[in-house]
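Structure, as structure tokens:
Residue numbers (my numbering): 4 to 476.
So, in structure tokens, the structure goes:
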């Protein structure tokens, strides 16, 4: 009967105090919300694509080899493995804090021999089963669960940000490598053309038509092109090794075939600033950090208040281990325990002040992350828009350079100009063509940067359950 009354009292007390949660309720901090982007004029929404819903944003480049590299990086990259491990740790921490909602059940078995000058020597054994439950009077557990839940969501966003960063790095290195393949082919073609010109110059020198200076000029240009080929070979090797590291491979295990083509420059849809911010996992992570810090303030405040613990135990006692089964003495206890810290040297006050300071830090970090995100989007839009116009001008420059080279070559063959002018014209054409490749690769990189700046294919509320699966090692 007494136990029944106690149970009823506990239930009623819990129901009455369950809504008491100390600390400030969370509100998303205010931040800058511009109504428009400076460089988004003329951008049109892109038709729905298959990759848009799946989050496989890199498929917009339409390159099967690039798709395969990113898929491998998603599975084997060790930076992602670290982020995934941190996510699982945050998941475990949230389980740890939610476990405090439940009572603790314990069991003990002990035996001891004791005595003294005024006490006869004897042996005593006992076995006991106990249960205890700290009532969440002031919402400490609720605030801790709130904090760890926000930290878990921030960790999921960090994992998405790490994945997005790795994907962008693979794309940039891949674009650079393919651009170097094109540059190498262009240099080889120019080298062959220059070799023919040099041979013509040597023949003319032997015939007494041109001076030795023309031969030296032709040979110098030829040697310069050969030297440039070695530079491109070195740059390609570095990019390939970078990709290997991103894939979680040793450099010796990766050999990418030469492909003398760049992916097509993709169209990028226009987005509203609010949508841009909502897509970015780093912004979500920063905002969730603010939520966690806000809940930690409540946890710090509850340390000033008493704790109420309900406990009970039952067991047996005897003079030996065997007595616990044969002739035990049964014992039990039940009752509440109220505890309050009266003096702690200012530790609770310091913990509260530290929690408030960490909250202010997280708010500032969140606002700065939003500003950085807007700057990234503006930068990507500006680069994309400007390079789009530059590509048109670069094509025109190549046309003019080629026409100038034809005219100068014809004049040289007619004996009207020296080989120096031919060399200058050829170098101008080569520079213009290499510039066109650079502009195209820069446009591709800018498109990848813009996709990354708006969060790639990651959306707020995405299921991160698959993140708990450990990547292939």
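Glycine included, C-beta positions come from ideal geometry on N, C-alpha and C.
Bear in mind that the values here come from a model prediction, so they are computed numbers and not experimental data.
In the DSSP assignment, find the unbroken beta strand (DSSP E) run with residue i in it and report its ends.
i           : result
residue 318 : 310-321
Kindly identify the DSSP beta-bridge partner or partners of residue i.
i           : result
residue 131 : 111, 318
residue 477 : Residue 477 lies beyond the range of the chain shown here (4 to 476); nothing can be said about it.
residue 292 : Its beta-bridge partners do not exist; DSSP assigns none.
residue 126 : 116
By DSSP, does residue i sit in helix, in strand, or in coil?
i           : result
residue 260 : coil
residue 148 : helix
residue 251 : coil
residue 2   : Residue coverage of the chain in this structure runs from 4 to 476, which leaves residue 2 outside it and unanswerable.
residue 467 : Note that residue 467 has pLDDT 41, beneath the 50 cutoff, so the model's placement of it is unreliable and no number is given.
residue 231 : helix
residue 304 : helix
residue 324 : coil
residue 210 : coil
residue 363 : helix
residue 351 : helix
residue 23  : coil
residue 190 : helix
residue 48  : Low confidence applies here, because residue 48 scores a pLDDT of 43, under 50, leaving its location unreliable; read the following figure in that light. Coil at residue 48, not helix or strand.
residue 33  : coil
residue 176 : helix
residue 142 : coil
residue 105 : coil
residue 282 : helix
residue 267 : coil
residue 28  : coil
residue 2   : Because residue 2 is not part of the residues shown, which for the chain are 4 to 476, the question remains open.
Got a sec, what are the start and stop residues for the alpha helix (DSSP H) residue i sits in?
i           : result
residue 336 : It is not in any alpha helix (DSSP H) - residue 336 instead sits in the beta strand (DSSP E) that spans 332-342.
Mind checking whether the beta-carbon of residue i lies closer than 6 Å to any heavy atom of the ligand PLP?
i           : result
residue 345 : This structure lacks the ligand PLP; in fact it carries no ligand of any kind.
Does residue i come within less than 7 Å of chain D when only Cβ atoms are used?
i           : result
residue 112 : Annotation note: the requested chain D is absent from the structure, which comprises a single protein chain.
Answer yes if the segment 393-401 comes into contact with the segment 420-428, meaning at least three C-beta pairs across the two stretches below 8 Å, and no otherwise.
no
Does the segment 74-87 touch the segment 154-174, meaning 3 or more C-beta pairs lie closer than 8 Å?
yes
Going residue by residue through the segment 50-95, where are the continuous alpha helix (DSSP H) segments of at least 4 residues, counting only ones entirely within it?
53-57, 67-79
What ranges does the alpha helix (DSSP H) occupy inside the segment 412-459, keeping only unbroken runs of at least 4 residues that lie completely in it?
422-456
Okay, do the segment 173-190 and the segment 329-340 touch, 3+ Cβ pairs below 8 Å being the bar?
no
Could you tell me whether the segment 424-432 touches the segment 184-200, using the rule of 3 or more Cβ pairs below 8 Å?
yes
Are at least three pairs of beta-carbons, each pair with one atom in the segment 105-114 and one in the segment 128-139, less than 8 Å apart?
yes
Counting beta carbon pairs with one atom in the segment 90-103 and one in the segment 285-296, are three or more of them shorter than 8 Å?
no
Can at least three beta-carbon pairs, one atom from the segment 237-247 and one from the segment 437-449, be found at a separation below 8 Å?
no
Should the segment 212-231 be called in touch with the segment 151-159, which here means at least 3 C-beta pairs below 8 Å?
no
Between the segment 221-237 and the segment 200-209, do three or more beta carbon pairs fall short of 8 Å?
yes
Looking at C-beta atoms only, is the number of pairs between the segment 57-66 and the segment 332-347 that lie closer than 8 Å three or more?
no
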